[in-house]
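Novice:
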Amino acid sequence: MSTPLSHFIKRSLTQTPLFHQHLSKRFASVANVRYIQSKAIIDKDISERYKEKLISKAKELGLKSAEELKETLKDKIESTKKELNKVDPLKELEDYEKAQKLKESIEKKKDLGPIDPSKSQTPFKTLDSFIDVGKFKDLNLQEMEMLWRLRFQKQEQSLAAIVPKDTFDRLYNNAKKFPNFVLPLPKENAEIEVTGGKGEGAPIEMHYVQWNFVGKDTTHCIITSLAEYKLHKEFARPHTSISFHNELAEAKDVVLMNGIVEKEASINMQESQLLLLNIQRFYGGLSHTQSEISKKRLELVEIFNTGKKTFDVEELISLAQSMEN
Numbered sequence: 622m623s624t625p626l627s628h629f630i631k632r633s634l635t636q637t638p639l640f641h642q643h644l645s646k647r648f649a650s651v652a653n654v655r656y657i658q659s660k661a662i663i664d665k666d667i668s669e670r671y672k673e674k675l676i677s678k679a680k681e682l683g684l685k686s687a688e689e690l691k692e693t694l695k696d697k698i699e700s701t702k703k704e705l706n707k708v709d710p711l712k713e714l715e716d717y718e719k720a721q722k723l724k725e726s727i728e729k730k731k732d733l734g735p736i737d738p739s740k741s742q743t744p745f746k747t748l749d750s751f752i753d754v755g756k757f758k759d760l761n762l763q764e765m766e767m768l769w770r771l772r773f774q775k776q777e778q779s780l781a782a783i784v785p786k787d788t789f790d791r792l793y794n795n796a797k798k799f800p801n802f803v804l805p806l807p808k809e810n811a812e813i814e815v816t817g818g819k820g821e822g823a824p825i826e827m828h829y830v831q832w833n834f835v836g837k838d839t840t841h842c843i844i845t846s847l848a849e850y851k852l853h854k855e856f857a858r859p860h861t862s863i864s865f866h867n868e869l870a871e872a873k874d875v876v877l878m879n880g881i882v883e884k885e886a887s888i889n890m891q892e893s894q895l896l897l898l899n900i901q902r903f904y905g906g907l908s909h910t911q912s913e914i915s916k917k918r919l920e921l922v923e924i925f926n927t928g929k930k931t932f933d934v935e936e937l938i939s940l941a942q943s944m945e946n
């Protein structure tokens, strides 16, 4: 019998087919972000807040100014700082436990490892790397889809789709403005548990989405577990890599998509498909007219990229899990 999480994933993929059922598959992992002020700013705030008290204390001790008081008590202040270690012990313990939990979670999973920065990067592949573009122009949509799928049939963990041009245009235009995002993935062994809202008690793993516009007719979308991205930063290896080729967009009104899910990744094909589905949902690729919920999804993408409001993780999870489009 399916688990509740796997049932949710299956239900999501069944109710909203990826790229209008043109996707074929081949079978052969938000941590909290804290904005930290610099020490200089914090010290200045503290000095301004307690300026009058410092002056009063200085006068009591027969000193002329708050600065003279600080200099007089410098040794005592440093001694007290060392004694208290300048931190909240409970907060430090909480941070340590979170770090340990994240570390253990990553160690238990298959770490794809960072990209070796010393190795030269292979130039990106354009559509003519896979097919004869001229001959494809003479095919009808059904023939094109069949041959495009066959092109990747022998490649394990591959994804292939024929994407309607209007769908891709909406994705592209929004991705150009907002190239990064995070998406939640229901996962039994996730390192982050949601404790509120519709996802109460459900294990959730966050994944980082990056759009790259590498060429005139080529767009890449890569997905990396947020835990791995935090560990390796720009050298984090994505578990899912997607390429969109729009060389035939004007002639055939479609964009060809291909991609791969790494065999050693901690997510499976079905989970990757759910992430791709939610990329469409949040980037406005599912409908010509925007519903209220689709507007909320796109607004959340904008907030994540611009920081114009506080990014609401609970709302993100709720919108990702909603079946409404």
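Position one of the sequence shown corresponds to residue 622 (our numbering), numbered consecutively onward.
From the three backbone atoms N, C-alpha and C, an ideal C-beta is built for every residue, glycine too.
Here the structure is a predicted model, which is why all the values come from computation and not from measurement.
1. In the structure shown, what three-state DSSP assignment does M991 receive?
2. Under the rule that 16 or more other beta-carbon atoms within 10 Å means buried, what is M765, buried or exposed?
3. Measuring CB atoms only, is the region 836-845 touching the region 853-872, in the sense that at least three cross pairs come out at less than 8 Å?
4. State the Cα-Cα distance for the pair F802 and D749, rounded to the nearest angstrom.
5. In this structure, does DSSP put S750 in helix, strand or coil?
6. Given a threshold of 16 other Cβ atoms within 10 Å of its Cβ, counted over all protein chains shown, does G755 qualify as buried or as exposed?
7. Taking the straight line between their C-alpha atoms, what separation do you get for F773 and L877?
8. Let's test the definition: count the other Cβ atoms within 10 Å of the Cβ of T931 and tell me whether it reaches 16, buried, or not, exposed.
9. Less than 8 Å between the C-beta atoms of P807 and I825, yes or no?
10. Express the C-alpha separation of N879 and D838 in angstroms, rounding to a whole number.
11. Considering only residues of the same chain and omitting the five flanking positions on each side of K884, which have a CB-CB separation below 8 Å?
12. Give the range of the beta strand (DSSP E) segment to which S846 is assigned.
13. What span of residues does the beta strand (DSSP E) with I914 cover, start to end?
14. Excluding the 5 residues preceding and the 5 following L682 in the sequence, name in chain order all residues of the same chain whose CB lies nearer than 8 Å to its CB.
15. Use the C-beta contact count for A886: other C-beta atoms within 10 angstroms, 16 or more gives buried, fewer gives exposed.
16. Between which residues of its own chain and G836 is the CB-CB distance below 7 Å, once the five residues before and five after are set aside?
17. According to DSSP, simplified to helix, strand and coil, what is N794?
18. Since E936 and L921 are thought to touch, with beta carbons under 8 Å apart, how far apart are those beta carbons, to the nearest angstrom?
19. Under three-state DSSP, which class holds F834?
Specialist: Taking the geometry as given:
1. No statement about residue 991 is possible, as the shown extent of the chain runs from 622 to 946 and does not include it.
2. On the sequence shown, residue 765 is found 144 positions in, with the first residue counted as 1. The residue is buried, with at least 16 neighbouring Cβ atoms inside 10 Å.
3. yes
4. Here residue 802 is taken as the residue at index 181 of the sequence shown, counted from 1. Here residue 749 is taken as the residue at index 128 of the sequence shown, counted from 1. Each residue's alpha carbon lies about 30 Å from the other.
5. By 1-based counting over the sequence shown, the position of residue 750 is 129. Helix, per DSSP.
6. Looking up residue 755 in the sequence shown gives position 134. It is exposed - the Cβ of G755 has fewer than 16 other Cβ atoms within 10 Å.
7. Taking the sequence shown and counting its residues from 1, one reaches residue 773 at position 152. Taking the sequence shown and counting its residues from 1, one reaches residue 877 at position 256. F773 and L877: Cα-Cα distance of roughly 12 Å.
8. By 1-based counting over the sequence shown, the position of residue 931 is 310. Label assigned to T931: exposed.
9. By one-based count along the sequence shown, residue 807 stands at place 186. By one-based count along the sequence shown, residue 825 stands at place 204. Against a cut-off of 8 Å, the Cβ pair of I825 and P807 comes out as a contact.
10. Position 217 of the sequence shown, counted from the first residue, corresponds to residue 838. Position 258 of the sequence shown, counted from the first residue, corresponds to residue 879. D838 and N879: Cα-Cα distance of roughly 14 Å.
11. Position 263 of the sequence shown, counting from 1, holds the residue named residue 884. Once the five neighbours on either side are set aside, the close Cβ partners of K884 are E777 and Q778.
12. On the sequence shown, position 225 is the one that residue 846 refers to. Its beta strand (DSSP E) spans residues T839 to S846.
13. Your numbering for residue 914 matches position 293 in the sequence shown. Premise fails: I914 lies in the alpha helix (DSSP H), E913 to T927, not in any beta strand (DSSP E).
14. Within the sequence shown, the letter at position 61 stands for residue 682. Around L682: L690 and T693.
15. Looking up residue 886 in the sequence shown gives position 265. That one is buried.
16. Counted from its first residue, the sequence shown places residue 836 at position 215. Correct list, in chain order: F745 and T747.
17. Your numbering for residue 794 matches position 173 in the sequence shown. DSSP places N794 in helix when its eight states are reduced to three.
18. In the sequence shown, counting from the first residue as 1, residue 936 sits at position 315. In the sequence shown, counting from the first residue as 1, residue 921 sits at position 300. Contact flag correct, Cβ pair sits at about 6 Å.
19. Working through the sequence shown from its first residue, we reach residue 834 at position 213. In this structure, F834 counts as strand in the three-state DSSP scheme.
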